[in-house]
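Below you'll find the structure, written out as structure tokens, and then a few comments.
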Amino acid sequence: MISVSNVAHLDEVCHRFVVLRGDTTHSVLRVSVSSESQPEIVQWSEAVVAPPCSAGSASSWLGWVAGLAAPAATPSPAPEERTDWCAVVELFPGKNTLMIASHENADQGVEQEAVSLQLVCASGHDVHGQGSVVRLVYLIAKDGDGTFQVPREDGGDFDHLGCSTSSSLDSGLRRLRTCGGLIQSALGELLIRHELWADELQNGNTRRSFALDPEPVAFRSTKTTAELHAMDGHALWSFFYEELHAYIAGPFVYVAVMSFTRFDRVSQKVLAHTALGGGALALFGGGSLFTWPESVTEVAARFLDNRAFDAHELFKDNSGIRGSDASTTIGAMLHELCHCFGCAHLTGAALQEAPDSIMQRGFDHLRLLFLPDGCVSGTIPVLDRSNAVKLALHPCVRPRRTIRKRHVDDTSTSDLFEVIERPEKCGIQMQREALLLQPQSRRILAFAPTGIRYIGLYVDGDCAGHIEPPWMAKCILSVDCTTLRTLCAVPAAKACRVELISDSGSCCELTLEPDD
Numbered sequence: 321m322i323s324v325s326n327v328a329h330l331d332e333v334c335h336r337f338v339v340l341r342g343d344t345t346h347s348v349l350r351v352s353v354s355s356e357s358q359p360e361i362v363q364w365s366e367a368v369v370a371p372p373c374s375a376g377s378a379s380s381w382l383g384w385v386a387g388l389a390a391p392a393a394t395p396s397p398a399p400e401e402r403t404d405w406c407a408v409v410e411l412f413p414g415k416n417t418l419m420i421a422s423h424e425n426a427d428q429g430v431e432q433e434a435v436s437l438q439l440v441c442a443s444g445h446d447v448h449g450q451g452s453v454v455r456l457v458y459l460i461a462k463d464g465d466g467t468f469q470v471p472r473e474d475g476g477d478f479d480h481l482g483c484s485t486s487s488s489l490d491s492g493l494r495r496l497r498t499c500g501g502l503i504q505s506a507l508g509e510l511l512i513r514h515e516l517w518a519d520e521l522q523n524g525n526t527r528r529s530f531a532l533d534p535e536p537v538a539f540r541s542t543k544t545t546a547e548l549h550a551m552d553g554h555a556l557w558s559f560f561y562e563e564l565h566a567y568i569a570g571p572f573v574y575v576a577v578m579s580f581t582r583f584d585r586v587s588q589k590v591l592a593h594t595a596l597g598g599g600a601l602a603l604f605g606g607g608s609l610f611t612w613p614e615s616v617t618e619v620a621a622r623f624l625d626n627r628a629f630d631a632h633e634l635f636k637d638n639s640g641i642r643g644s645d646a647s648t649t650i651g652a653m654l655h656e657l658c659h660c661f662g663c664a665h666l667t668g669a670a671l672q673e674a675p676d677s678i679m680q681r682g683f684d685h686l687r688l689l690f691l692p693d694g695c696v697s698g699t700i701p702v703l704d705r706s707n708a709v710k711l712a713l714h715p716c717v718r719p720r721r722t723i724r725k726r727h728v729d730d731t732s733t734s735d736l737f738e739v740i741e742r743p744e745k746c747g748i749q750m751q752r753e754a755l756l757l758q759p760q761s762r763r764i765l766a767f768a769p770t771g772i773r774y775i776g777l778y779v780d781g782d783c784a785g786h787i788e789p790p791w792m793a794k795c796i797l798s799v800d801c802t803t804l805r806t807l808c809a810v811p812a813a814k815a816c817r818v819e820l821i822s823d824s825g826s827c828c829e830l831t832l833e834p835d836d
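If you're matching positions, the sequence shown starts at 321 in our numbering and goes up one per residue.
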């Protein structure tokens, strides 16, 4: 028996890497992907099938996925005993046919059972129209060759798991390409749980994510390795923000990884390292590149790799275990990219509701989105509702579609807000997004010509909560400040910022001083 639980036949996907999940009574599953656009090419991925009854150490799971002998304490599945499976596959543009087939063991090619389904992969550029596009950049120093730091023990071309041990420029580009696809897929998995496009799309299971140019570019800096090693993280971000925008034109948000990051074994300090995102640049050190997968076929093995590395020889970004460091650094890439899209850390009610958000430390456990449940410890990360709504309205994420209008109903007025259907009643003319404070009544007048989708409350830059008012064009929303503070668990003595986002994605904000 083989079942697929998270996608359905003819679902539309707007990112090229897709996570498949389900359960099975078989011990070995392989997934093949073929397409109408490139019928001569068939891609294969090995599924991670959970050993039955395993709360699972990473080592037992790693042996299982690598096709090694399972530990003696882990028996083969009994007939009809169901166990979870998970696979990451790469799709072609257009319609893809996926075949999930079972085998008796990892070496035998004879299929026992197979199920198939079709997924439609839409090009991000076609879907998102004129919005921003994420571009992957592999940074090389003026005098560098693009190689990155690897453990001394990683000799040969491949390790015992079949993963590449290369530190070359080409390997770095492949690793960045794969991880760009992983974070795009991860955001799609996190966003679909919120059903944010249910009123816009006929297919509610459409997976949306940010538009991505999948092929990284190698960019040679005007500064030498020594000059870059002498700069701190903020200085590196400022320098590359200016340098990339001067040489690579276009409506891009850059995800850039520095190949010249090095851990100095003498001083025990990491040089040219940061994880910093904002504006149109998310910049990262490349000290953990050696833990990243080169392709989808390496994803499970990399995330399950429980080998320790010498923290006196290499930069440790988590526990010094390869799999967890890969999870943290790739997760941090998504976290910082979301900052570029306007997402914030959480506080107040928002933090209480989603402590494991990607915008908190949930990114440490990004790998759990690509593995069967329970194979490694940690809490599966989520995306809090406030940042999910903001992402859904961002031009890099939102599809170019017409939204069905919703009319005002009996739920439009509450203790929190009141709808004023005729703006002229307020005695003011509003031609664009606006937030106005009425000090006497402690109310905010909010207006957007295309309708208001989001009103958020922020304290010291962190999101404390938000409201999603009923969507109506050309109406004013009168919001009670005291009730809004209470809803978001923000004390009256705290100054805070109110942010409005319209249906068109335009923003405006207002500062609320502490109440008397």
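Just so you know, even glycine gets a beta-carbon here, dropped at the ideal spot from N, CA and C.
1. Compute the beta-carbon to beta-carbon distance between R582 and Q469, rounded to the nearest angstrom, for a pair I have assumed lies under 8 Å.
2. Decide if E829 is buried, meaning its Cβ has at least 16 other Cβ atoms within 10 Å, or exposed.
3. According to DSSP, R582 sits in a beta bridge with which residue or residues?
4. Under a three-way DSSP split, which group does L777 fall into?
5. Beta-carbon separation of L601 and Y574 under 8 Å?
6. Measuring only the C-alpha atoms, how far is H665 from L657?
7. Could you tell me the alpha carbon to alpha carbon distance between D630 and H514, rounded to whole angstroms?
8. Check for me: the alpha helix (DSSP H) holding K710 runs from which residue to which?
9. If the criterion is Cβ atoms closer than 8 Å, does the pair V324 and L411 meet it?
10. Around the C-beta of A328, are 16 or more other C-beta atoms found within 10 angstroms, so that it is buried, or is it exposed?
11. Contact defined as beta carbons within less than 8 Å: I believe C808 pairs with G785. What is the distance between those atoms, to the nearest angstrom?
12. Using C-beta distances below 7 Å, list every residue in its chain close to D782, excluding the 5 sequence neighbours before and after it, in chain order.
13. Taking only runs that begin and end inside the region 633-699, name each unbroken alpha helix (DSSP H) of 4 or more residues, in chain order.
14. R341 lies in the alpha helix (DSSP H); which residues open and close that run?
15. Buried or exposed: which applies to H714, given that a residue is buried once 16 or more other Cβ atoms fall within 10 Å of its Cβ?
16. Alpha carbon to alpha carbon, how far is D835 from T803?
17. If distances are taken between C-alpha atoms only, which option among N626, D343, A592 comes closest to D645?
18. Determine the extent of the beta strand (DSSP E) in which R455 is found, giving its start and end residues.
19. Measure the C-alpha to C-alpha separation of V616 and R494 and round it to an integer number of angstroms.
20. Give every residue of the same chain whose Cβ lies closer than 7 Å to the Cβ of P359, excluding the five residues on either side of it in the sequence, and list them in chain order.
21. Under a CB-based cut-off of 8 Å, is F623 close to chain B?
22. Grab the span of the alpha helix (DSSP H) containing E614 for me, first residue to last.
23. Out of G342, R350, G776, which has the shortest C-alpha to C-alpha gap to V362?
24. Who are Q363's beta bridge partners in DSSP?
25. Write down every uninterrupted run of the alpha helix (DSSP H) in the region 524-581 whose length is 4 residues or greater and which is fully enclosed by it, in chain order.
26. How many Å lie between V799 and E788 at the Cα?
27. Less than 7 Å separating the Cβ of C660 from some heavy atom of the ligand SAH?
28. By Cβ distance below 6 Å, which residues in the same chain neighbour T831 in space, the five residues on each side in sequence not counted?
29. Per the DSSP calculation, W791 is bridged to which residue(s)?
30. Please look up how many angstroms separate the CB atoms of F539 and Y458, rounded, as I've assumed it's under 8 Å.
31. Using C-beta distances below 6 Å, list every residue in its chain close to G606, excluding the 5 sequence neighbours before and after it, in chain order.
32. For L820, list the residues DSSP reports as bridge partners.
Result, derived from the coordinates:
1. Indeed, because the Cβ distance is near 6 Å, the residues count as touching under 8 Å.
2. Its Cβ having fewer than 16 others within 10 Å, E829 is exposed.
3. Assignment of beta-bridge partners to R582 by DSSP yields L591.
4. Of the three classes helix, strand and coil, the one that applies to L777 here is strand, per DSSP.
5. Taking the C-beta atoms as reference points, Y574 is found nearer than 8 Å to L601.
6. The alpha-carbon atoms of H665 and L657 are separated by roughly 13 Å.
7. In this structure, the alpha-carbon of D630 lies about 41 Å from that of H514.
8. Note, K710: alpha helix (DSSP H), 705-712.
9. Taking 8 Å as the Cβ cut-off, V324 and L411 do not qualify as a contacting pair.
10. Burial check for A328: the Cβ neighbour count within 10 Å stays below 16, so the residue is exposed.
11. Yes, they are in contact, since the Cβ atoms of C808 and G785 sit about 3 Å apart, within 8 Å.
12. Excluding residues within five positions, the ones whose Cβ falls inside 7 Å are A664, H665, L666, T667.
13. As far as the region 633-699 is concerned, its whole alpha helix (DSSP H) runs of at least 4 residues are 642-660, 668-673.
14. No alpha helix (DSSP H) holds R341; the beta strand (DSSP E) holding it covers 337-344.
15. By the neighbour-count rule (16 or more Cβ atoms within 10 Å), H714 is buried.
16. Taking the CA atoms as reference points, D835 sits about 12 Å from T803.
17. Of N626, D343, A592, the residue nearest in Cα terms is N626.
18. Taken as a continuous stretch (DSSP letters only), the beta strand (DSSP E) holding R455 covers 453-460.
19. Spanning the two alpha carbons is a distance of roughly 10 Å.
20. Same-chain partners within the cutoff: there are none.
21. You won't find chain B in this structure, because it holds only one protein chain.
22. Counting along the chain, E614 sits inside no alpha helix (DSSP H), nor does DSSP assign it H or E at all.
23. Among G342, R350, G776, the Cα nearest to that of V362 belongs to R350.
24. Note: Q363 sits in a beta bridge opposite V353.
25. Qualifying alpha helix (DSSP H) stretches, in chain order: 545-549, 553-567.
26. C-alpha separation (whole angstroms): 12 Å.
27. The ligand SAH is absent from the structure shown, which contains no ligand whatsoever.
28. Short of 6 Å from the beta carbon of T831, and not among the five residues preceding or following it, lie these beta carbons of its own chain, in chain order: R817.
29. Per the DSSP secondary-structure output, W791 pairs with nothing in a beta bridge.
30. That belief holds up - the Cβ atoms of F539 and Y458 are roughly 7 Å apart, short of 8 Å.
31. Taken in chain order, the residues that qualify are F468, V577, M578, S579, T581.
32. Paired residue(s): I775, C828.
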